[in-house]
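So the sequence shown is numbered by the numbering used here: it starts at 2 and just counts up by one. Backbone N, C-alpha and C define an ideal beta-carbon position, used for all residues, glycine too. Scroll down for the structure; my scribbles are underneath it.
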Amino acid sequence: MAADSGTRTLVRPRRRIASLDALRGLTLVSMIAYHACWDLVYLFHADWDWYRGTGAYIWQQSICWTFILLSGFCFSLGRRPLRRGLTVFGCGWVVTLVTVLFMPEEQIWFGVLTLIGSCMLLMVPLEKLLRHVPVGVGLAASAALFTLLRNVNQGTLGFEDWTLGTVPEGLYRNLLTAYIGFPPPDFFSTDYFSLLPWLFLFLAGHFLRRLLAGPMERLDPDALRCPPLCALGRQSLPVYMLHQPVVYGVLLGGAALLGR
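Structure follows, in structure tokens:
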């Protein structure tokens with residue numbers, strides 16, 4: 002039966018999931034602490050060998066893995082994906098422009114914001130196609146491809162210390178190939194997340210959300226509510242954009258007060 006032409010369909014606004022906001026906020030706190038330590042070691046020349054070792058590397062990886070997985074997990078939960086993707090992608094290029102112009106020794110090309118924005122833009126046309134992929138197959142394939150391509154930036158196939166083979170050197174040519182995952186020998190960036198392998202971690206987050214869609218409906222979305230962390234998580238992009246100059250300013254002020 003056709004609906005009356007004068008009847009309006011009411012669309013219930015999507016409610017934010019406080020637990021996801023809290024997890025995002027917790028990751029932001031970890032990121033801010035990590036970058037404060039980075040500033041101390043590399044800009045203020047603090048003597049801290051631990052930060053240059055495996056422990057700090059695992060800390061850094063836990064932050065970026067969580068952000069990228071969460072971004073893929075939450076992609077289908079938000080609205081206006083094209084606008085969101087363009088915003089994040091644009092912010093990534095703002096970071097590049099600022100660092101290249103004002104901090105060339107710490108310049109950032111294809112940082113995590115550029116990656117996440119790129120993944121979101123790619124998902125706009127891909128999402129409908131991915132609906133036809135069984136969730137278990139999609140999750141397993143994404144995890145396998147991420148593992149296989151984890152070391153592609155270094156010219157090999159494999160994960161961390163595990164090497165399966167090498168990648169042809171001819172692929173590593175210029176900035177465009179660096180964006181994809183094949184940086185040339187003279188490429189330098191203090192924050193580098195290429196499409197390969199990280200797109201597949203984003204896709205793993207997307208398929209993980211589909212896998213957990215049923216259980217999530219039965220669970221309390223506010224089970225992990227923590228107002229301060231939720232507030233941070235809701236403003237993750239502006240917090241990310243502003244945290245580094247704020248942290249640097251605080252450390253610079255502290256150094257001035259201490260006469261260092």
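>> Between K129, S143, L71 and L200, which has its C-alpha nearest S119's C-alpha?
In response: The residue labelled residue 119 in the question sits at position 118 within the sequence shown. S119 has its Cα closest to that of L200, out of K129, S143, L71 and L200.
> Just reading off the alpha helix (DSSP H) that L212 is part of, what are its end residues?
Replying inline: On the sequence shown, position 211 is the one that residue 212 refers to. Element bounds for L212: L196 to L212.
>> Considering only their Cβ atoms, is the gap separating I69 from I117 smaller than 8 Å?
In response: Mapped onto the sequence shown, residue 117 falls at position 116. Mapped onto the sequence shown, residue 69 falls at position 68. Taking 8 Å as the cut-off, the beta carbon of I117 is found closer than this to the beta carbon of I69.
>> Strictly under 8 Å for the Cβ-Cβ distance: is L243 near chain B by that measure?
In response: The structure shown contains no chain B; it holds only a single protein chain.
>> Taking a contact to mean a Cβ-Cβ separation below 8 Å, would you say C75 touches M242 in this structure?
In response: Taking the first residue of the sequence shown as position 1, residue 75 is located at position 74. Taking the first residue of the sequence shown as position 1, residue 242 is located at position 241. No, these two residues do not count as a Cβ contact at 8 Å.
> By Cβ distance, which residues of its chain are closer than 7 Å to Y180, with the 5 residues on each side in sequence left out?
Replying inline: Position 179 of the sequence shown, counted from the start, is the residue given in the question as residue 180. F111, S195 and L196, listed in sequence order.
> With distances taken between CB atoms, is the gap from L127 to L209 smaller than 8 Å?
Replying inline: Working through the sequence shown from its first residue, we reach residue 127 at position 126. Working through the sequence shown from its first residue, we reach residue 209 at position 208. No, the Cβ-Cβ distance between L127 and L209 is not below 8 Å.
> Looking at the structure shown, is F74 part of a helix, part of a strand, or coil, going by DSSP?
Replying inline: As a first step, residue 74 is located in the sequence shown; it is residue number 73 there, counting from the start. Here F74 carries a helix assignment [DSSP, helix/strand/coil].
>> Quick check on F111: does DSSP put it in helix, strand or coil?
In response: Position 110 of the sequence shown holds residue 111. DSSP places F111 outside both helix and strand once states are collapsed to three, so it counts as coil.
>> Buried or exposed, going by whether 16 or more other CB atoms sit within 10 Å of the CB of P184?
In response: Within the sequence shown, residue 184 is the residue found at index 183, counting from 1. Taking a 10 Å sphere around the C-beta of P184, we find 16 or more other C-beta atoms and assign the residue as buried.
> Apart from the five residues on each side of it in sequence, which residues of its chain come closer than 8 Å, Cβ to Cβ, to M121?
Replying inline: On the sequence shown, position 120 is the one that residue 121 refers to. Listed in chain order, the non-local C-beta contacts of M121 below 8 Å within the same chain comprise S72, F76, P82, R85, G86, V89 and F90, local neighbours out to five positions each way being set aside.
> Does the separation of the CB atoms of I64 and S31 fall below 8 Å?
Replying inline: For the purposes of this step, residue 64 is taken as residue 63 along the sequence shown, with counting starting at 1. For the purposes of this step, residue 31 is taken as residue 30 along the sequence shown, with counting starting at 1. Closer than 8 Å, so yes.
> Which of the three DSSP states, helix, strand or coil, is assigned to L259?
Replying inline: Indexing the sequence shown from 1 puts residue 259 at position 258. Residue state, collapsed to three classes: coil.
>> Which same chain residues end up closer than 8 Å to W51 when comparing Cβ atoms and leaving out the 5 residues on each side of it in sequence?
In response: Locating residue 51 in the sequence shown gives position 50, counting from the first residue. Closer than 8 Å at Cβ, skipping near neighbours: A57.
>> Taking 7 Å as the limit between beta carbons, can you name the residues of its chain near A256, skipping five residues before and five after?
In response: Taking the sequence shown and counting its residues from 1, one reaches residue 256 at position 255. Cβ within range, chain order: F45.
> When burial is assigned at 16 or more other CB atoms within 10 Å of the CB, is L29 buried or exposed?
Replying inline: Here the question's residue 29 lines up with position 28 in the sequence shown. Residue environment for L29: buried (at least 16 other C-beta atoms within 10 angstroms of its C-beta).
>> What does the alpha-carbon distance come out to for the pair F160 and L98?
In response: Residue 160 sits at position 159 when you count from the first residue of the sequence shown. Residue 98 sits at position 97 when you count from the first residue of the sequence shown. Rounded to whole angstroms, F160 to L98 spans 31 Å at the Cα level.
>> Just to check my reading of the structure: G156 and T167 have Cβ atoms closer than 8 Å, yes? What is that Cβ distance to the nearest angstrom?
In response: Locating residue 156 in the sequence shown gives position 155, where the first residue counts as 1. Locating residue 167 in the sequence shown gives position 166, where the first residue counts as 1. 6 Å between Cβ atoms; contact.
>> Using a Cβ-Cβ cutoff of less than 6 Å, which residues in the same chain neighbour P105 once the five nearest sequence positions on both sides are dropped?
In response: Translated into the one-based positions of the sequence shown, residue 105 becomes position 104. Hits under 6 Å: none found.
> Going by beta carbon distance, what residues of the same chain come within less than 8 Å of L172, once the five residues before and after it are set aside?
Replying inline: Along the sequence shown, read from residue 1 onward, the residue named residue 172 stands at position 171. Result list for L172: T178 and F183, in chain order.
> From M217, V138, T67 and L253, pick the residue whose C-alpha is nearest to that of A37; which is it?
Replying inline: By one-based count along the sequence shown, residue 37 stands at place 36. With distances taken between Cα atoms, A37 lies closest to L253.
> Is the Cβ-Cβ distance between R211 and V96 less than 8 Å?
Replying inline: To locate residue 211, count along the sequence shown from 1; it is residue 210. To locate residue 96, count along the sequence shown from 1; it is residue 95. No, the Cβ-Cβ distance between R211 and V96 is not below 8 Å.
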